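Student:
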Amino acid sequence: MTYIAKDKQYIWHPFTQTKTAGLPLCIVRGKGAHLYDAQGKSYLDLISSWWCNLHGHSHPEIAQAIYQQASTLEHVMFAGFTHKPAVILVEKLSNYLPAGLSRFFFSDNGSTAVEAAVKIAYQYWQNKQEPRQLFLCFEGGYHGDTFGAMAVGNSHYHHPFKKLCFPVQTIPFPQTWENDPQVEAKETIALTALKTYLQTHGKETAAFIAEPLLQGASGMRVCRVEFLQKLVDLLKDAGVLVIFDEVMTGFYRTGSFFAFEQIAREPDILCLSKGLTGGFLPLALTVVQQTIYEAFLDDSIEKAFLHGHTYTANPLGCAAAIASLNLLTQSSTLNKINNLCLWQQKLLGELSQNVKNVERPRTLGTMAAFDLKTHNPELMQSLQTTLLKEGVLIRPLGKTIYLLPPYCLEEADLIRAYKILEHQIRV
Ligand SMILES: *Cc1c(COP(=O)(O)O)cnc(C)c1O
11 MTYIAKDKQY IWHPFTQTKT AGLPLCIVRG KGAHLYDAQG KSYLDLISSW
61 WCNLHGHSHP EIAQAIYQQA STLEHVMFAG FTHKPAVILV EKLSNYLPAG
111 LSRFFFSDNG STAVEAAVKI AYQYWQNKQE PRQLFLCFEG GYHGDTFGAM
161 AVGNSHYHHP FKKLCFPVQT IPFPQTWEND PQVEAKETIA LTALKTYLQT
211 HGKETAAFIA EPLLQGASGM RVCRVEFLQK LVDLLKDAGV LVIFDEVMTG
261 FYRTGSFFAF EQIAREPDIL CLSKGLTGGF LPLALTVVQQ TIYEAFLDDS
311 IEKAFLHGHT YTANPLGCAA AIASLNLLTQ SSTLNKINNL CLWQQKLLGE
361 LSQNVKNVER PRTLGTMAAF DLKTHNPELM QSLQTTLLKE GVLIRPLGKT
411 IYLLPPYCLE EADLIRAYKI LEHQIRV
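According to our numbering, the residues represented by the sequence shown are 11 to 437, in order.
Shown next as structure tokens:
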């Protein structure tokens, strides 16, 4: 209790109304898909600790890689210097990327990856002497909490700051789910809105930014591959840069290594973070097409991208990321991912059959989500608390309950979690 009491005295927690929130849980260790408190009680981490953990907590191979790197070189500034872990990491990652997406800009987290992407897109057009002022995004997008990321996002969290953000245009996001009869109508509305927008503003638009296939923070909202293909084709025809924010969807979350592979369309700029280090350390990458990079090359410094952070390309983060990528190439990991995708489909299918209160069931790769027909904020909060008591960690988003576990999760644990969930959401 002492740490919790001291926490209450000193600490300001993220996304929390401390006045009404309960006390935080003090976690002392993690192993596999489980977290443990001081009493040894376990909690099944069904949200991968905010969508970043891939292989389980305190994975020994990643821990060892960080230790070895820390005892060799903990950090060096990245302007005028480089190091092996950074180079090895991007070389490994480039195996998963199309040939053109070949320049890697490091930063610290998802928000900074997006800030860099937005600034690069904006300066790119200036450097080409064809300045474009506008950004386009989806309704319900989330790209982080710094100012540029807030501007291109659509979260109610950002309400107090919206007047300070640069204006952006939005188009509808045709959210869909299993057996959704309206899907094509919704897609037509979105594509028509895009066409109308591009006719008047296409030439003024620097970039479009989106979370491909799966909007995370706005409630695990899924759209179809066919829709995104049409959308990207229209944007590319209009010469608008496409930024894919794969901060959450990267590293097999949606079943493929990157979500954009399913669309078979390349982004001009790609943002990565969260799972990049397997969930061990904050690190991010903004990957750009070679042609964009080349627009920053000049004899004068003005055309350079004068942007960076103290911990850019931190070697410890890079070492963790290399170890995580090594695990991702193992066939045993790929088997786990494939199994998890199948279990999620099967178990969510059963749940939505068994419980009338479940609507809009949707799965995408390792992610499963549904909405509750009858819900309110108090109910969702008490559901979360009850499940925590039962040793299951979820974090509903509005009316949406989702399960996004680490890939090491055992089938029996997932079955048990669905059983507990089913019991609690019956009305
Ligand atoms: C979490 C998230 C971000 C922000 O990442 P942080 O590391 O929290 O700054 C950006 N984009 C997407 C899609 C995310 O899910």
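Heads up, the beta-carbon is just placed ideally off N, CA and C, and yes, glycines get one too.
Remember, it's a predicted structure, so these values are computed and weren't measured experimentally.
Check the C-beta distance from C328 over to A220 and give it rounded, since I have them as a contact under 8 angstroms.
Tutor: Within the sequence shown, residue 328 is the residue found at index 318, counting from 1. Within the sequence shown, residue 220 is the residue found at index 210, counting from 1. Rounded, the Cβ-Cβ distance is 27 angstroms, inconsistent with contact.
Student: Inspect the beta-carbon positions of F115 and A126 and report whether they are closer than 8 angstroms.
Tutor: Here residue 115 corresponds to residue number 105 of the sequence shown, with the count starting at 1. Here residue 126 corresponds to residue number 116 of the sequence shown, with the count starting at 1. Taking 8 angstroms as the Cβ cut-off, F115 and A126 qualify as a contacting pair.
Student: Tell me whether M230 counts as near ligand 1, meaning its Cβ is closer than 7 angstroms to at least one heavy atom of that ligand.
Tutor: Counted from its first residue, the sequence shown places residue 230 at position 220. M230: no, Cβ never under 7 angstroms from ligand 1.
Student: With three or more C-beta pairs closer than 8 angstroms as the rule, is the region 53–72 touching the region 34–43?
Tutor: Verdict: yes, contact present.
Student: Please state the DSSP three-state secondary structure of C328.
Tutor: On the sequence shown, position 318 is the one that residue 328 refers to. Helix.
Student: Which runs of the beta strand (DSSP E) spanning at least 3 residues fall entirely within the region 196–241, listed in chain order?
Tutor: 215–220
Student: Are the Cβ atoms of L218 and V250 separated by less than 8 angstroms?
Tutor: Within the sequence shown, numbered from 1, the residue matching residue 218 stands at position 208. Within the sequence shown, numbered from 1, the residue matching residue 250 stands at position 240. First, the residue type needs correcting, since residue 218 is Phe and not Leu in the sequence shown. Yes. Within cutoff.
Student: Quick one: what's got a C-beta closer than 7 angstroms to S334's C-beta in the same chain, skipping five residues either side?
Tutor: Taking the first residue of the sequence shown as position 1, residue 334 is located at position 324. The residues are L64, H65, I72, T287 and G288.
Student: For T186, count neighbouring Cβ atoms within 10 angstroms of its own Cβ and tell me buried if that reaches 16, exposed if not.
Tutor: Position 176 of the sequence shown, counting from 1, holds the residue named residue 186. Its Cβ being crowded by 16 or more others within 10 Å, T186 is buried.
Student: Is V86 buried or exposed, if buried means 16 or more other CB atoms sit within 10 Å of its CB?
Tutor: Working through the sequence shown from its first residue, we reach residue 86 at position 76. Classification for V86: exposed.
Student: Who does V368 pair with in a DSSP beta bridge?
Tutor: Numbered from 1 along the sequence shown, position 358 holds the residue referred to as residue 368. Answer is L382, bridged to V368.
Student: CB-CB under 8 angstroms to D155, same chain, minus the five flanking residues each way: which ones, in chain order?
Tutor: Translated into positions along the sequence shown, residue 155 becomes position 145. Contacts found: S121, Y167 and H168.
Student: How many Å lie between A161 and E149 at the Cα?
Tutor: The residue labelled residue 161 in the question sits at position 151 within the sequence shown. The residue labelled residue 149 in the question sits at position 139 within the sequence shown. Taking the straight line joining both Cα atoms gives about 12 angstroms.
Student: So, with DSSP's three-state summary, where would you put L413?
Tutor: The residue labelled residue 413 in the question sits at position 403 within the sequence shown. DSSP places L413 in strand when its eight states are reduced to three.
Student: Roughly how many angstroms lie between the CA atoms of L352 and Q19, to the nearest whole one?
Tutor: Counted from its first residue, the sequence shown places residue 352 at position 342. Counted from its first residue, the sequence shown places residue 19 at position 9. One C-alpha to the other measures close to 45 angstroms.
Student: Where does H67 sit, in a helix, a strand or coil, going by DSSP?
Tutor: Counting from 1 along the sequence shown, the entry for residue 67 is found at position 57. In this structure, H67 counts as strand in the three-state DSSP scheme.
Student: Considering only their Cβ atoms, is the gap separating D255 from W153 smaller than 8 angstroms?
Tutor: In the sequence shown, residue 153 corresponds to position 143, counting from 1. In the sequence shown, residue 255 corresponds to position 245, counting from 1. As written in the sequence, residue 153 is His, which differs from the Trp given in the question. Cβ distance < 8 angstroms, so H153 and D255 count as in contact.
Student: In terms of residues, what are the limits of the beta strand (DSSP E) holding L103?
Tutor: For this step, residue 103 is matched to residue 93 along the sequence shown. Where L103 is concerned, there is no enclosing beta strand (DSSP E), although the alpha helix (DSSP H) it sits in stretches over K94 to S104.
Student: With a CB to CB cut of under 6 angstroms and the five nearest residues on each side skipped, what residues in its chain are close to E276?
Tutor: For this step, residue 276 is matched to residue 266 along the sequence shown. P108, listed in sequence order.
Student: Any chance you could list the beta strand (DSSP E) runs of at least 3 consecutive residues sitting entirely within the region 245–294, in chain order?
Tutor: 251–255 and 279–282
Student: If you follow the beta strand (DSSP E) that I181 is part of, which residue opens it and which one closes it?
Tutor: Residue 181 sits at position 171 when you count from the first residue of the sequence shown. Per DSSP, I181 belongs to the beta strand (DSSP E) from Q179 to I181.
Student: Comparing C-alpha positions only, which one of L33, K409 and I425 sits nearest to R231?
Tutor: Here residue 231 refers to the residue found at position 221 of the sequence shown. Closest in alpha carbon position to R231, among L33, K409 and I425, is K409.
Student: Can you tell me which residues form a DSSP beta bridge with D55?
Tutor: Within the sequence shown, residue 55 is the residue found at index 45, counting from 1. Answer by DSSP bridge pairing, in chain order: L403.
Student: Which stretch, first to last residue, makes up the alpha helix (DSSP H) that contains G158?
Tutor: Taking the sequence shown and counting its residues from 1, the one referred to as residue 158 is at position 148. Start and end: F157 to A161.
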